[in-house]
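*Asks:* Numbering-wise, our numbering comes out as the position in the sequence shown, counting from 1, plus 7.
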Amino acid sequence: MIVVQTPLRISFFGGGTDFREYFETEGGCVLSTAIDKYIFVIVKARFDEKIRVGYTKTELVDHPQEIQHELVREAMCRTGIEQGIEIGTLGDIPSAGSGLGSSSTVTVGLLHAMYAYHNHLVGVEQLAQEACHIEIDRLQKPIGMQDQYIAAYGGLRLIEFGPGPEVRVHQVKVTEEVKRALNENLLLFFTGVTRQSSSVLAEQRTNINKRLETLRAMKAQVLEAHRCLEDGNVEAIGELLDQAWHLKKQLASRISNNDLDDMYQAARAAGAIGGKISGAGGGGFLLLYCPHQYQNKVRQALHGLQELSFRLENDGTKVIFNYNR
Numbered sequence: 008m009i010v011v012q013t014p015l016r017i018s019f020f021g022g023g024t025d026f027r028e029y030f031e032t033e034g035g036c037v038l039s040t041a042i043d044k045y046i047f048v049i050v051k052a053r054f055d056e057k058i059r060v061g062y063t064k065t066e067l068v069d070h071p072q073e074i075q076h077e078l079v080r081e082a083m084c085r086t087g088i089e090q091g092i093e094i095g096t097l098g099d100i101p102s103a104g105s106g107l108g109s110s111s112t113v114t115v116g117l118l119h120a121m122y123a124y125h126n127h128l129v130g131v132e133q134l135a136q137e138a139c140h141i142e143i144d145r146l147q148k149p150i151g152m153q154d155q156y157i158a159a160y161g162g163l164r165l166i167e168f169g170p171g172p173e174v175r176v177h178q179v180k181v182t183e184e185v186k187r188a189l190n191e192n193l194l195l196f197f198t199g200v201t202r203q204s205s206s207v208l209a210e211q212r213t214n215i216n217k218r219l220e221t222l223r224a225m226k227a228q229v230l231e232a233h234r235c236l237e238d239g240n241v242e243a244i245g246e247l248l249d250q251a252w253h254l255k256k257q258l259a260s261r262i263s264n265n266d267l268d269d270m271y272q273a274a275r276a277a278g279a280i281g282g283k284i285s286g287a288g289g290g291g292f293l294l295l296y297c298p299h300q301y302q303n304k305v306r307q308a309l310h311g312l313q314e315l316s317f318r319l320e321n322d323g324t325k326v327i328f329n330y331n332r
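(1) Smallest Cα separation from A243: which of Q228, L254, S39 and E93?
(2) Which full runs of the alpha helix (DSSP H) of 4+ residues lie inside the region 143-174, going along the chain?
(3) Compare the C-alpha of A188 against each of L163, G239, R175 and V174 and name the closest.
(4) On the three-state DSSP scale, how would you describe L67?
(5) Which residues share a DSSP beta bridge with Y296?
(6) Could you please give the first and the last residue of the uninterrupted alpha helix (DSSP H) stretch that includes V131?
(7) Classify N192: buried if its beta carbon has 16 or more other beta carbons within 10 angstroms, exposed otherwise.
(8) Return the CA-CA distance between L67 and R59, expressed in angstroms with no decimal places.
(9) Between the region 167-177 and the region 107-118, do three or more beta carbon pairs fall short of 8 Å?
(10) Any idea what DSSP makes of K57, helix, strand or coil?
(11) Is L128 buried or exposed, if buried means 16 or more other CB atoms sit within 10 Å of its CB?
(12) Just tell me which of G161, I9, Y29 and N190 has its CA closest to the CA of K217.
(13) Taking 8 Å as the cut-off, decide whether the C-beta atoms of V207 and A287 are in contact.
(14) Comparing alpha-carbon positions, which option in R234, G151 and Y160 lies nearest V185?
(15) The beta strand (DSSP E) that contains N329, what's its start and end?
(16) Sort T213, T182, K304 and F328 by Cα distance to Q257 and report the nearest one.
(17) In whole angstroms, what separates the C-alpha of G281 from that of F317?
(18) Under the three-state reduction of DSSP, which class applies to G91: helix, strand or coil?
(19) Please name the residue in L219, D55, Y160 and E210 whose C-alpha comes closest to that of E320.
(20) Enumerate in chain order the residues of its own chain whose CB-to-CB distance from V37 is below 7 Å, with the five nearest sequence positions on each side excluded.
(21) Suppose the cutoff is 7 Å on Cβ atoms and the five residues either side in sequence are ignored; what does the same chain contact list for F197 look like?
(22) Just verifying my parser: in three-state terms, what is the DSSP assignment at E320?
(23) DSSP state of A287, grouped into three classes?
(24) What's the call for T13, buried or exposed, on a 16-neighbour Cβ count within 10 Å?
(25) Does the Cβ of D69 have 16 or more other Cβ atoms within 10 Å, making it buried, or fewer, making it exposed?
(26) Name the DSSP beta bridge partners of P101, please?
(27) Use the C-beta contact count for R53: other C-beta atoms within 10 angstroms, 16 or more gives buried, fewer gives exposed.
(28) Going straight from the alpha carbon of M121 to that of G87, what length do you get?
(29) Given a threshold of 16 other Cβ atoms within 10 Å of its Cβ, counted over all protein chains shown, does T96 qualify as buried or as exposed?
(30) Can you tell me whether DSSP reads H177 as helix, strand or coil?
(31) Quick check: what's the CA-CA separation for S109 versus I46?
(32) Pull up the distance between the alpha-carbon of N264 and that of H253, whole angstroms please.
(33) Tell me which same chain residues have a C-beta within less than 8 Å of the C-beta of A276, skipping the five on either side of it?
(34) Going by the CB atoms, is the gap between G169 and G61 shorter than 8 Å?
(35) Between G290 and V200, which are expected to be in contact by the criterion C-beta below 8 Å, what is the C-beta distance as a whole number of angstroms?
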């Protein structure tokens with residue numbers, strides 16, 4: 008039996024510049040962090056030759072091509088597993104539409120678990136690349152590439168994309184004081200709305216050539232935020248998040264709506280410096296930067312929303328249990 012733990016993520020700045028259609032020409036970059044909320048993938052042998060897949064529903068089939076869960080199907084094909092196996096996924100948050108990168112986290116975790124089942128040691132770069140191949144090339148999802156990389160690598164990262172196909176992953180070097188300030192001042196609230204990110208991202212991808220100046224401004228924010236963090240100017244992150252949210256809303260029509268705007272404005276009026284809807288937008292989790300003295304007022308202002316406590320996570324995907332008989 009193999010159990011793999013893979014972190015979810017928060018994307019702070021630069022989301023949208025990680026689309027190939029943008030970064031292969033312009034070059035893109037994002038600032039993201041893994042968080043201590045996870046997807047767990049369990050893989051174990053079966054007595055018979057069937058394939059059992061357990062997630063929000065259960066599948067029992069004879070061949071990988073019959074599996075409806077497309078990420079499981081593609082990961083099995085990629086790693087050469089054909090029969091006699093049970094695969095399960097468990098998550099700390101809603102499995103779809105959260106804005107915390109859950110689909111790519113599942114893909115990275117599945118690949119890692121299946122390679123470990125074969126006793127193959129695979130590096131995080133390969134896991135990220137193959138997860139991108141599955142989601143973007145094989146399944147034609149209209150998504151960027153940051154989620155796969157942060158799930159594989161973990162930590163607080165500046166990730167550069169292009170120009171061209173190259174991806175470079177850098178650790179953001181911050182003091183323990185800065186990390187503590189981020190852990191204490193960042194809040195997450197579930198908006199109660201889940202959505203298919205592909206519906207938002209497809210429009211965003213179509214609009215890329217019309218939004219080049221906006222994307223360039225978002226890319227510049229990544230470098231500014233990186234400097235602020237390494238200089239210890241943590242409070243500037245809140246102000247930059249507010250600017251980033253207004254820029255992000257220009258990328259597609261369904262990134263925000265009146266309800267989400269009302270939630271954000273209520274949080275700002277209560278003391279939050281800035282924030283954004285995590286991920287593609289349209290729902291999922293609301294990320295806020297709020298000084299400690301105003302946090303209870305923000306919680307009161309958003310009393311109808313469920314808060315998700317979290318901390319930054321240093322590790323990426325990892326095998327936490329490996330038992331072979």
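Ideal placement from N, C-alpha and C gives every residue a C-beta, glycine not left out. Keep in mind it's a predicted model, so treat the numbers as computed, not measured.
*Replies:* Put simply:
(1) Here residue 243 corresponds to residue number 236 of the sequence shown, with the count starting at 1. The option with the nearest alpha carbon to A243 is Q228.
(2) 153-160
(3) Numbered from its first residue, the sequence shown carries residue 188 at position 181. Ranking L163, G239, R175 and V174 by Cα distance to A188 puts G239 first.
(4) Numbered from its first residue, the sequence shown carries residue 67 at position 60. Residue state, collapsed to three classes: strand.
(5) As a first step, residue 296 must be located in the sequence shown, where it is residue number 289. Answer is L193 and G281.
(6) Start at 1 with the first residue of the sequence shown, and residue 131 comes out as number 124. Taken as a continuous stretch (DSSP letters only), the alpha helix (DSSP H) holding V131 covers V131 to C139.
(7) Position 185 of the sequence shown, counted from the start, is the residue given in the question as residue 192. With 16 or more other Cβ atoms within 10 Å, it is buried.
(8) Indexing the sequence shown from 1 puts residue 67 at position 60. Indexing the sequence shown from 1 puts residue 59 at position 52. If you take the alpha carbons of L67 and R59, they lie about 4 Å apart.
(9) no
(10) Within the sequence shown, residue 57 is the residue found at index 50, counting from 1. K57: coil per DSSP, three-state reduction.
(11) If you number the sequence shown from 1, residue 128 lands on position 121. Classification for L128: exposed.
(12) Here residue 217 refers to the residue found at position 210 of the sequence shown. Of the candidates G161, I9, Y29 and N190, the one whose C-alpha sits nearest the C-alpha of K217 is Y29.
(13) Start at 1 with the first residue of the sequence shown, and residue 207 comes out as number 200. Start at 1 with the first residue of the sequence shown, and residue 287 comes out as number 280. Their beta carbons are under 8 Å apart, which means V207 touches A287 by this criterion.
(14) The residue given as residue 185 occupies position 178 in the sequence shown. The candidate whose alpha carbon is nearest that of V185 is R234.
(15) Mapped onto the sequence shown, residue 329 falls at position 322. Where N329 is concerned, the enclosing beta strand (DSSP E) stretches over K325 to N329.
(16) Here residue 257 corresponds to residue number 250 of the sequence shown, with the count starting at 1. Among T213, T182, K304 and F328, the Cα nearest to that of Q257 belongs to T213.
(17) Counted from its first residue, the sequence shown places residue 281 at position 274. Counted from its first residue, the sequence shown places residue 317 at position 310. C-alpha separation (whole angstroms): 18 Å.
(18) Locating residue 91 in the sequence shown gives position 84, counting from the first residue. G91 falls in the coil class under three-state DSSP.
(19) On the sequence shown, position 313 is the one that residue 320 refers to. For E320, the nearest C-alpha among the options comes from Y160.
(20) Residue mapping note: residue 37 aligns to position 30 of the sequence shown, counting from 1. S18, F20, G21, G22, T24, D25, Q153, I166 and V229, listed in sequence order.
(21) Numbered from its first residue, the sequence shown carries residue 197 at position 190. Once the five neighbours on either side are set aside, the close Cβ partners of F197 are F292, L312, Q313 and L315.
(22) Taking the first residue of the sequence shown as 1, we reach residue 320 at position 313. Three-state DSSP puts E320 in coil, outside helix and strand.
(23) In the sequence shown, counting from the first residue as 1, residue 287 sits at position 280. Coil, per DSSP.
(24) The count along the sequence shown starts at 1 and reaches residue 13 at position 6. It counts as buried.
(25) Locating residue 69 in the sequence shown gives position 62, counting from the first residue. D69 is exposed by the Cβ-count criterion.
(26) Within the sequence shown, the letter at position 94 stands for residue 101. BP columns for P101 are empty, so no partner.
(27) By one-based count along the sequence shown, residue 53 stands at place 46. Its Cβ having fewer than 16 others within 10 Å, R53 is exposed.
(28) As a position in the sequence shown, residue 121 is number 114, starting the count at 1. As a position in the sequence shown, residue 87 is number 80, starting the count at 1. When rounded, the distance between both Cα atoms is 9 Å.
(29) As a first step, residue 96 is located in the sequence shown; it is residue number 89 there, counting from the start. By the neighbour-count rule (16 or more Cβ atoms within 10 Å), T96 is buried.
(30) Numbered from 1 along the sequence shown, position 170 holds the residue referred to as residue 177. Strand at H177.
(31) Within the sequence shown, the letter at position 102 stands for residue 109. Within the sequence shown, the letter at position 39 stands for residue 46. Their backbone Cα atoms lie some 7 Å apart in a straight line.
(32) Counted from its first residue, the sequence shown places residue 264 at position 257. Counted from its first residue, the sequence shown places residue 253 at position 246. Cα to Cα, the separation comes out at about 13 Å.
(33) For the purposes of this step, residue 276 is taken as residue 269 along the sequence shown, with counting starting at 1. So the qualifying residues of the chain are A308.
(34) As a working mapping, residue 61 is identified with position 54 in the sequence shown. As a working mapping, residue 169 is identified with position 162 in the sequence shown. No. Outside cutoff.
(35) Indexing the sequence shown from 1 puts residue 290 at position 283. Indexing the sequence shown from 1 puts residue 200 at position 193. So it is a contact: roughly 3 Å between Cβ atoms.
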